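Chains as they are written, first to last, in the working numbering: chain A, 1 to 512; chain B, 1 to 512. Glycine is no exception: its CB is placed at the ideal position from the N, C-alpha and C atoms. Owing to the predicted nature of the structure, the values given are computational and were not obtained by experimental measurement.
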C-alpha cells in the first residue's frame, strides 16, 4: 500500500469523509487513492479560497472536520484568507497539501515554496510527512488536532514521494480529548458577580450560542437580571423561534462603546472581551468600560454548556421559558432597506434554514428583524477577511443534507470567491444567494468619512464598483446558476420563495 | 504631514507612479493621501491575486516597480500566489500592506494575522514601519530593494497609526546599485568551453532574452556552433521578426531529458540549470545529462548583456544577422489545434504586441509557429501558480501604453483570477483574451495517466470542469467585457482581427 492509500484509509477511519479539493500534479497519487478507495465525497472548488471556505462552512454545520486537498505552497496560499476566517471561527479542518518530492525540493523547481511557513500562522498543527510509513500515523494525529476543542486547523504537507512510495500503514483513530471541564472557582466567581453585581453582561461565544447554551443562559438572565449578548462575529448562532432574541456586540466603535458603557462586569463564556475591529485615532481599543471587571467563565477550549449548567446549578436558577418573539414578520415592501430585507428573509425562510451572512455594512441590523423567523442557524464572517460568504454557504449546504442555505452577500465581497457559484451548480446545492448590489465598497466609503475628507476621484476609483456595473445575473448564469434581478422587496420575496422550493442554487441580484 | 502623505511623496519621488490596489479600513489614510497628492495612477483589482499579478505584469513591461496596496495579512495572503510567480519572474514590486495600529495589535482583533510571516517567503525585503517618522525612509529603502537587480519584492507593512500620525518625512530616492559586472574568469571559462567543446548549450534567462542579449547570443552561436535555448518559463522574451528563433527547454520530463541529453557543457546566462517542474517516480530531477559540465557566466543579479558582450569580445565573434524566420504564417483553418491557433495569432497580432501566455498544456508548441510574427514580447507563467495570465495581461496593458495584449489563457487557470476582466473593462485596456475552453484540467488528466490508472468518476470529478460548462461569454459580459464564442480557427481569426482594432478589451471563448 502506498502512502496516499494509507492516508485515505486513515481519514475515513477517523470519520473524515468529505474532501474539498483543487488538486495539482503533485497530488495525483492521492487523487488516485481517493478514486480507488470508496467512501470519500470529493467536491471540487475552482480556486482554493473557495475550497478552504467550504471546509469552514462544512465544519460549522457538520460539527466534524472535512479535509482539503491543496496544491503546493501557492495552492495553500490561495486558501489562507478563508483559513484565517476558519481559525477565528475555531473550525476544525484537516488540510492535505501536496508538495514537491522530498529529494526534489533542493532543486528549487518553480512551484517550490515555503509551504510550512505559510501554513503555520493559521494552523494549530503543521507537519510534513517525509516517508510513506509515517503518513497514516500523521494523518490520525492531524484529525485529532482538528477535532480537539474548540476545533483547530491541522495542516499535513504531503511530499509526492511520501504519497507514491510503498509502505503506507493506515492508522487507527486517536482519542479526542474532551472539552475542558468547568473550573469550580470560575463558576463560583461568576455566580457571586451575578448575584451581587448590578450591571452584568454575560458574553457568549462558540458553543454557548447553540440551542442548549442559550436555554441555560436564558435561565441565568431570568434569575439574575444580567444582560446577555453574543460576540460580534460568531461561527454559528442558533436563532429564531425557540431561541433567545440575542443581539450581538455592535461593529461600529461608537455604537459598541455606547452599548457596553454601562456594564460593570463582563463574564466571558467561550468569548473574548470586546475590542475594536480596527483602531481609530482618539478612540479606545477596548470597547467596554475601563472600569469594568472581566471574568472568564470558560476559555475557547472549555465546555461552555457544562459551565453554564454549573452556573445555573450554583445560582439555583429555575427553569425559564424562552420569551416568545411575537408573530412572524411580513415580507418587506417597496425599495430595499436592511430592515425590509431582513423581514422578507424572516418571513420566507424555511424551518431549519442556514443563513450565511457576509452582508457587511448593509446587514448590521438584520438580527433585530429576524428573531421571530422559524428556527435557523446563522453563520458570520468571523475573521474579517472578505470573500467567505459564498464558500461558507456552499460548504454548509454540503453538510446540511438538504437544509436551505440563504447567503446574504455583499457584492464587493462576493467577487472575491465568485467561483463558488460553479460548485453550487455542479453539486446542485440548495443555496439561495441574495447579492446586495450597491456597486461600491460601502463600508470603506463610511470609513473614509472618518478620515475627515470627502473622497475625490482617485479615492472613489478605489471605493466604488461601478463603471462598469457587475451584472450578477450574467455572472451566475455563466457558472451554471439560475439568477434574476430584483429592485423591490416584493420581487425579491417572489424570487426567494420560488428558490426555496427548488433543488438547486439560485441567485437574486438585489439592487440596493 | 502624516505618515501616509510622506509615503505617497516618497514613492512618487522614487519613480513609483502606479498603484494596484484593493484597500480596506486600515488603509483609509493612505487612500486619502493618494487622493490628495497628485501623480499616482490607482488601479483597483477586485481580488488581491489580481492586484499582485497586475504589478508583476506591469514590471515586466515597464521595467520599473509599481506599488500594491493590500489590506492586512489576509489581503496579502490572497495575493501571495502571484507574488510567488513574480518572485520567480524576478520582478520588482513594492507591496504596501496596511495593518492594525501598533497599539491595537496586542488585542488580537479579528483581522490581526502574521502579516510579516506570510510576506517573508516571497519577499526580498520586509519591514514594518512603526512610526510616522520612519515611513518615508522605509519606503525609499523598499523601492531601492525592489529595483536592485534583478528585481525583488519589497513588502512594507504600514500600521494604521504610522499612517495617520503626524511627523511624516518624505525621503529622497536611494541609489540603485547596478547589476553585477561580468566576472572575467567566468567569461574566459565560457569562451574556452565554446571554443573547445563540441556540444555546448548557452541557456538564456532574464534580461539575456531581450533584444540586445539575443543579438549577442546570435553572434556567439554563429561563431562557435553552440546551441542556444531559453529557460522553460521566462518573465519576458523578445520574439518575432528580428529576434532569434529561440526555443525553450521543454516542460515534459521525457521530452526535456531527450532534448538536453547531447549537451556536454551548459553555460548559464541569468538562468538555472534545467530541473523538472515536478519529480516523477523513476525519473531524474535534473533534466540535463549527469555527465554535463555546468558553467555559470552570470547569476540572476548579473549584467547579462555586458557579460554576453564580453564573451563576444573574448571570442572575437563577428557581427551576424539574425536569421530570417521566413514568411509570416497564414491563419489556421478548421478545428482549433495548438499549431493552428499559434499560426492565427502570428498572422494577426499587431507589431509590438504583448502575449501573456497561460496556455498550460495546449500552448507547449506555440513558439515554433510564431517566430515569423511581427516583433512582440512574450510573458510566461514563471512560478507555476496558476491564475497569473489574466492579471499579467492586465498589468502589462497598463504598462504598455496602447500596445495590444493577447492573453492565451487556459480555462481552468482563468477561473482563478477571472475578476481581472472587470479591471480590463474599467480601464478600457487593449487586451484580447483567448480562452482555451477544453472544460477540464487537461494537464492533470495527462499527469494522472502517469500514475498508471484510468481515472474513475471520483477522480474525473476533480479533473474536469464540465457539468456545468462555464459560459465565458456570459462571464465576460457580466464583468463588462465584450465577448464571443468561436469553434473554428476562422471564427477565432475574425474575432481576433476585430478585437485588435478596438480600444478596449475583448474575450474570445475558443472551444477546443
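Contacting residues, own chain, Cβ-Cβ under 8 Å from residue i (five flanking each side not counted)
i: residue 477 of chain A; result: 483
i: residue 109 of chain B; result: 100
i: residue 455 of chain B; result: 445, 448 and 463
i: residue 74 of chain B; result: 111 and 113
i: residue 191 of chain B; result: 311, 314 and 315
i: residue 280 of chain B; result: 253 and 450
i: residue 391 of chain B; result: 45, 49, 50, 51, 52, 53, 54, 56, 57, 82, 417 and 420
Residue i, enclosing beta strand (DSSP E) - first and last residue
i: residue 238 of chain A; result: 237-239
i: residue 355 of chain B; result: 353-358
i: residue 227 of chain A; result: 227-230
i: residue 433 of chain B; result: 431-437
i: residue 484 of chain B; result: 482-486
i: residue 74 of chain B; result: Element bounds for residue 74 of chain B: not the beta strand (DSSP E) but the alpha helix (DSSP H), 72-78.
i: residue 409 of chain B; result: 405-410
i: residue 37 of chain B; result: First-last for residue 37 of chain B: undefined, no H or E at that position.
i: residue 218 of chain A; result: Premise fails: residue 218 of chain A lies in the alpha helix (DSSP H), 211-224, not in any beta strand (DSSP E).
i: residue 180 of chain B; result: Element bounds for residue 180 of chain B: n/a, residue is neither H nor E.
i: residue 202 of chain B; result: 200-204
8 Å Cβ cutoff, residue i in contact with chain A
i: residue 54 of chain B; result: no
i: residue 161 of chain B; result: yes
i: residue 114 of chain B; result: yes
i: residue 472 of chain B; result: yes
i: residue 175 of chain B; result: no
i: residue 129 of chain B; result: no
i: residue 314 of chain B; result: no
i: residue 151 of chain B; result: no
i: residue 511 of chain B; result: no
Within-8 Å CB hit, residue i to chain B
i: residue 358 of chain A; result: no
i: residue 325 of chain A; result: no
i: residue 5 of chain A; result: no
i: residue 492 of chain A; result: no
i: residue 167 of chain A; result: no
i: residue 110 of chain A; result: yes
i: residue 288 of chain A; result: no
i: residue 260 of chain A; result: no
i: residue 23 of chain A; result: yes
Own chain residues within Cβ distance below 6 Å of residue i, not counting five before or after
i: residue 515 of chain A; result: Look at the range of chain A in this structure, 1 to 512, and you will see that residue 515 of chain A is not part of it.
i: residue 205 of chain A; result: 231, 270 and 271
i: residue 137 of chain B; result: 171
i: residue 283 of chain B; result: 253
i: residue 248 of chain B; result: 230 and 232
i: residue 182 of chain B; result: 306, 307 and 310
The alpha helix (DSSP H) enclosing residue i, as first and last residue numbers
i: residue 59 of chain A; result: 48-62
i: residue 494 of chain A; result: 489-500
i: residue 461 of chain B; result: 457-463
i: residue 477 of chain B; result: 472-478
i: residue 10 of chain A; result: 3-13
i: residue 444 of chain B; result: 442-450
Proximal residues of chain C, C-beta to C-beta of residue i below 7 Å
i: residue 506 of chain B; result: Checking the listed chains, one finds no chain C in this structure; the protein chains it contains are A and B.
Neighbourhood of residue i by C-beta distance below 7 Å, restricted to the same chain and skipping five residues each side
i: residue 115 of chain A; result: 72, 73, 76, 97, 99 and 157
i: residue 304 of chain B; result: 206, 207, 208, 213, 269, 270 and 298
i: residue 17 of chain A; result: 39, 40 and 41
Does the pairing of the segment 389-405 of chain A with the segment 343-357 of chain A give three or more beta-carbon distances under 8 Å? At 8 Å Cβ cutoff, the stretches touch.
Flag this pair as touching only if the segment 429-445 of chain A and the segment 465-481 of chain A have three or more C-beta atom pairs under 8 Å; answer yes or no. Segments in contact, yes.
Kindly provide the ranges of any alpha helix (DSSP H) runs that are 4 or more residues long and lie completely inside the segment 247-294 of chain A, ordered along the chain. Within the segment 247-294 of chain A, the complete alpha helix (DSSP H) runs of at least 4 residues fall at 253-260.
Contained alpha helix (DSSP H) runs [length at least 4] in the segment 104-148 of chain A, N- to C-terminal order: You should have 115-119 and 132-147.
So within the segment 314-398 of chain B, which uninterrupted alpha helix (DSSP H) runs reach at least 4 residues, ignoring any that extend past its ends? Within the segment 314-398 of chain B, the complete alpha helix (DSSP H) runs of at least 4 residues are 338-348.
Three or more C-beta pairs under 8 Å: does that hold for the segment 414-431 of chain A against the segment 42-51 of chain A? Touching, per the Cβ criterion.
Should the segment 343-351 of chain B be called in touch with the segment 359-372 of chain B, which here means at least 3 C-beta pairs below 8 Å? With the cut-off at 8 Å, the segment 343-351 of chain B and the segment 359-372 of chain B touch.
Three or more C-beta pairs closer than 8 Å, one from the segment 282-301 of chain B and one from the segment 170-190 of chain B: is that the case here? Yes, they touch.
Could you tell me whether the segment 121-141 of chain A touches the segment 76-95 of chain A, where touching means 3 or more Cβ pairs closer than 8 Å? Short answer: they touch.
For the segment 321-333 of chain B against the segment 234-251 of chain B, are there 3 or more C-beta pairs whose distance is under 8 Å? Enough Cβ pairs lie closer than 8 Å, so yes.
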